[in-house]
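Inspection log for the structure reproduced underneath, given as structure tokens.
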Amino acid sequence: MKKINPLLIIILALGVFGIITTEMGIIGVLPQITEKFNISTSQAGLLVSIFSLVVAISGPFLTLLASGINRKVILLTSVFIFAISNIVYAYTTMFDVMLVFRIIPAIFHPVFFSVALVTAAKLVSPEKSSKAVTKVFSGITVGFAFGVPLTSYLAEKISLEAGFLFGAVVSIIAFIGILSWLPSMPVKDKLSYGKQLGILRKPQLWLNIVTVIFIFAAMFSVYSYFAEYLSQVTHMNGSWISIMLMAFGTIMIFGNFLFGGFLHKSITKTVIMFPLLFVVIYLFTYYLGSYSIPMVVIVFIWGAVHSGGLIVSQAWLTTEAREAPEFGNSLFVSFSNLGIAIGTTISGWFISHFGIHNLIWVGIAFSLLAFILIMVKIQIYKPNTSEVNIR
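Each residue of the sequence shown is one higher than the last, beginning at 29 in our numbering.
Shown next, in the form of structure tokens:
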């Protein structure tokens, strides 16, 4: 095997970091966006929901279609699109233009993600592939921990343009690294998709998919308006909101390991427990949201549980997708983003009619729906929880 620059795995992780920063960085600057374009919070929330909706619709199909294209070309094209989109966010004066440039990178999001993981595994020896994939996956958590709050901090301390240009610079660095260090990787053998698509005939898989949609709707119906909630309900200023975003993201790193341990002990018990934890956290958020000190404590606990949603949902879905794990992961990316789109859209409507404080009830409702569906699945089908591929 030709020796590969060890920094290339980090560059791929940086590309994932840039994607998460572009997708979720919007959440930390919604107050500035509403002011810049003179729009409502629910209208600004479309920037989150439309991105996730496009990922949900296009994800599995485009990933399958792109599997025959040179991986280097796919990766370079994707990060280039993300860089351009962030530059457009920084300088456009038209909200409609910004919406369009949320759609374009969303098309490339699942393709880059899937190809980056496959590429990382192929760049190293088989015994090191799992570690390489884990490193690339870490770009997600680091994106939440640092990308989102840094975007918010730069927007608050310098300008909204600076916040978006940060995302552009990250993608440009990833582009240069991939261009310089990644060898050409043409696909020699196209995969057959018959067996992969066959798993869609399993009704128990669809129960798990809908559960994942509800879990992500529960998570992001509230988190998508995190900055606005802290601003309007808790009355925190921009600097404090940036600190809270950083704290939320940082504690997610701990939460990822915590829930990973829970899953290895018992997937079924962890999946049952998860939506109930969110109900408790959201109740505390609703009743103590106007008090700064309690909200600081809640944010730390919330961040740990929020990160658990990523790994818990992925584990639950892949229990029914072992015959085609790669396609199963693409389904996870797609339907989790559908959940984000649904949760954000409904919360936006709820805010416009009942006020931002009451959006908490949307998160509680989706959490309870997820819990009910989990219990229905367990009653109908014996959980298939051995040897689950958890990232």
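Glycine included, each C-beta is placed from N, C-alpha and C at the ideal position.
Note that the coordinates shown come from a computational prediction; the quantities given were computed from them, not determined experimentally.
- Judged by DSSP secondary structure, N114 falls within the alpha helix (DSSP H) whose first and last residues are 99-119.
- With 16 or more other Cβ atoms from the protein chains shown falling within 10 Å of its own Cβ, F287 counts as buried.
- Take the alpha-carbon of Q407 and the one of L235: they are about 12 Å apart.
- Exposed is the label assigned to F89, since fewer than 16 other Cβ atoms lie within 10 Å of its Cβ.
- Cβ-Cβ distances below 7 Å link T179 to T49, G53, G56, V57, G191, F194, G195 in the same chain, with the five nearest sequence neighbours on each side left out; the list follows chain order.
- With a cutoff of 8 Å on beta-carbon distance, S249 and T69 are scored as not near each other.
- For the pair of segments examined, the segment 194-213 was found not to touch the segment 63-81: the number of CB pairs separated by less than 8 Å stays below three.
- A distance of 8 Å or more separates the beta carbons of N365 and G171.
- Inter-segment contact for the segment 204-214 and the segment 100-120 is present: three or more beta-carbon pairs are separated by less than 8 Å.
- L225 counts as exposed, since fewer than 16 other beta carbons sit within 10 angstroms of its beta carbon.
- Sequence-distant Cβ neighbours of A255 in its own chain, meaning closer than 8 Å and more than five residues away, are I55, G56, V57, L58, P59, S180, I269, L273.
- Annotated three-state conformation of N386 is helix, per DSSP.
- Closest in alpha carbon position to W389, among E51, Y315, K163, H292, is Y315.
- Going by DSSP, I339 is part of the alpha helix (DSSP H) stretching over 320-346.
- It is roughly 7 Å from the alpha-carbon of L145 to the alpha-carbon of V164.
- Remark: C-beta atoms of G266 and E184 approach each other more closely than 8 Å.
- In the DSSP assignment, G191 falls within the unbroken alpha helix (DSSP H) covering 188-209.
- With contact defined as three or more Cβ pairs closer than 8 Å, the segment 328-345 and the segment 236-246 are in contact.
- If you compare the alpha carbons of F65, G175, G96 with that of M122, the shortest gap goes to F65.
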